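Enquirer:
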Amino acid sequence: MMKGFSILWFAVCLTLSAGAQQADWCKKLPRPAYSKLKRVPVADSWFEVYKIRPGIFAIYEPHQLEEVISYLIVGNDKALLFDTGMGISNIQAVVSGLTKLPVSVVNSHTHNDHVGDNWRFTDVYGMDTDFTRASARGSKQDAQDELAPEELCGALPVGFDAKAYATKPFHITRWLHDGDKIELGGRTLKVIGTPGHTPDAIALLDEKNGLLFTGDSFYLGPIYLYRPETDLDAYVASIQKLAALTPGLRLLLPAHNTPVADPGYLPKVVIAIQRVRRGEVKPVAKEGKHEYVFEDFSFLTR
Numbered sequence: 376m377m378k379g380f381s382i383l384w385f386a387v388c389l390t391l392s393a394g395a396q397q398a399d400w401c402k403k404l405p406r407p408a409y410s411k412l413k414r415v416p417v418a419d420s421w422f423e424v425y426k427i428r429p430g431i432f433a434i435y436e437p438h439q440l441e442e443v444i445s446y447l448i449v450g451n452d453k454a455l456l457f458d459t460g461m462g463i464s465n466i467q468a469v470v471s472g473l474t475k476l477p478v479s480v481v482n483s484h485t486h487n488d489h490v491g492d493n494w495r496f497t498d499v500y501g502m503d504t505d506f507t508r509a510s511a512r513g514s515k516q517d518a519q520d521e522l523a524p525e526e527l528c529g530a531l532p533v534g535f536d537a538k539a540y541a542t543k544p545f546h547i548t549r550w551l552h553d554g555d556k557i558e559l560g561g562r563t564l565k566v567i568g569t570p571g572h573t574p575d576a577i578a579l580l581d582e583k584n585g586l587l588f589t590g591d592s593f594y595l596g597p598i599y600l601y602r603p604e605t606d607l608d609a610y611v612a613s614i615q616k617l618a619a620l621t622p623g624l625r626l627l628l629p630a631h632n633t634p635v636a637d638p639g640y641l642p643k644v645v646i647a648i649q650r651v652r653r654g655e656v657k658p659v660a661k662e663g664k665h666e667y668v669f670e671d672f673s674f675l676t677r
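Residue numbers (this note's numbering): 376 to 677.
1. Quick one: residues in its chain with C-beta nearer than 6 Å to the C-beta of Thr633, no 5 flanking neighbours on either side, listed in chain order?
2. Closest to Ala433 by C-alpha separation, out of Ile614, Leu617 and Gly590, would be which residue?
3. Between Asn451 and Lys583, what straight-line distance do the alpha-carbon atoms span, to the nearest angstrom?
4. Classify Asp492 as helix, strand or coil using the three-state DSSP reduction.
5. Please report the straight-line C-alpha distance between Tyr435 and Ile444, rounded to a whole angstrom.
6. Would you list the residues sitting across from His665 in a DSSP beta bridge?
7. Can you give me the Cβ contacts of Asp555 inside the same chain, cut-off strictly under 7 Å, excluding the 5 residues immediately before and after it?
8. Looking only at its chain, what residues have a beta carbon closer than 6 Å to the beta carbon of Tyr640, apart from the 5 residues adjacent to it on each side?
9. Can Arg677 and Tyr601 be called in contact, C-beta distance under 8 Å?
10. Counting pairs of Cβ atoms below 8 Å between the region 455 to 473 and the region 611 to 618, do you hit three or more?
11. Excluding the 5 residues flanking Gln396 on each side, which residues of the same chain have their C-beta closer than 7 Å to its C-beta?
12. DSSP on Val470, reduced to helix/strand/coil?
13. Can you name the residues that DSSP bridges to Asp458?
14. Exposed or buried, what is Gly501 when buried is set at 16 or more other beta-carbons lying within 10 Å of its beta-carbon?
15. If the criterion is Cβ atoms closer than 8 Å, does the pair Asp492 and Gln467 meet it?
16. Bridge partners for His631 per DSSP, in chain order?
17. Determine the contact status of Ala541 and Ala511, defining contact as a CB-CB distance below 8 Å.
18. Taking only the alpha-carbon atoms, compute the straight-line gap between Trp400 and Leu440 and give it to the nearest angstrom.
19. Ser464 and Phe496 - do their beta-carbons sit closer together than 8 Å?
20. Put Gln396 into one of helix, strand or coil per three-state DSSP.
21. Are the CB atoms of Ala609 and Gly654 within a distance shorter than 8 Å?
22. Count the other C-beta atoms from every protein chain shown that fall within 10 angstroms of the C-beta of Thr569, then say buried if there are 16 or more, exposed otherwise.
23. Using the three-state DSSP reduction, which class does Phe593 fall into: helix, strand or coil?
24. In chain order, what residues of the same chain have a beta carbon less than 7 Å from the beta carbon of Lys657, not counting five sequence neighbours either side?
25. What do you reckon, are the CB atoms on Pro638 and Leu627 nearer than 8 Å?
26. DSSP beta-bridge partners for Trp550?
27. How many angstroms separate the CA atom of Thr507 from the CA atom of Ala630?
28. Report buried or exposed for Leu455, applying the criterion of at least 16 other Cβ atoms within 10 angstroms of its Cβ.
29. Would you say Pro574 and Thr504 are within 8 Å of each other, going by their C-beta atoms?
30. Determine the direct distance from the alpha carbon of Arg652 to that of Leu473, and round the result to whole angstroms.
31. Helix, strand or coil: how does DSSP classify Glu558 here?
Below, the structure written as structure tokens:
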């Protein structure tokens, strides 16, 4: 009986994946920006890996609507993985093929699509917030929602159990605060608290190299600002905080869609969100939400 059910579920998953290939977002892949980046071969076809700078690898998941990007940041003594992705396939195995140094995990925030493989790692840092503590307990519904037919592009990994898919609980070994610094050996990362998208949202600044890992505070595409935990006033303050860093930046590394963006976008985002808050921009309806559209990015709100 169970064997028959497994076969049926596998057939359903294949059908969902095949149907998802017709989704509009899927038809637009690959994004043009990736043709200019150096791709690093990896065995797991769920991921694509790109070398952005020496010691900086973008680990991209192009087969799911979120198009999540995690970053492996390598120093002389240790490495840091900024987010662990969906947890649909094994990001730890990919990371171990890129570096043999000890790896610590830091999350840009603890939404399910950024902490999916936290449980595979023994050294996980987290922002000292109640939201982080709640997320670390794991959840199932948000993860299951990611498998809707229109969310997928191509086949799920072989052996993936869609029915059991959930964000597994994980243990936090060190609590972080705004302004903390993480030393990797020859590379220092500064934690910048950017609450708004979530209470525990952060960016990472590699000041020496002019790199800013923005998490979900900024990326090219619709920036999600509609969840119950989102605080728009806090978001405005946080994006202003990041925009103030622009003169010292060479590159933005966002957590969705494309792994590189010009720092000049940050002041534009500040102006755009201020205009939205003043009621100067008319939204368009999108899937029961309001989208405020600007050049190359938008805000999706309740």
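We put the CB at the ideal spot given by N, CA and C, even for glycine.
Small disclaimer: the values here were computed from a predicted structure and weren't measured.
Expert: On the basis of the supplied data:
1. Arg406, Ala408 and Leu595
2. Gly590
3. 15 Å
4. coil
5. 4 Å
6. Residue pairing for His665: DSSP places it in a beta bridge opposite Ala660 and Thr676.
7. Val566
8. none
9. Yes, they are a contact pair.
10. Touching, no, given that fewer than three Cβ pairs across the two stretches are closer than 8 Å.
11. Its pLDDT being 45, under 50, Gln396 is placed unreliably in this model, and the coordinates cannot settle the point.
12. Residue state for Val470 is assigned as helix, using DSSP reduced to three classes.
13. None; Asp458 has no bridge partner.
14. buried
15. yes
16. Val443
17. no
18. Those two C-alpha atoms are separated by around 7 Å.
19. no
20. Here Gln396 scores only 45 on pLDDT, less than 50, and its place in the model should not be relied on; the value that follows carries that caveat. Correct three-state label for Gln396: coil.
21. no
22. buried
23. coil
24. none
25. yes
26. Gly501
27. 18 Å
28. buried
29. The criterion of a C-beta distance shorter than 8 Å is satisfied by Pro574 and Thr504.
30. Approximately 43 Å, taken between the alpha carbons.
31. strand
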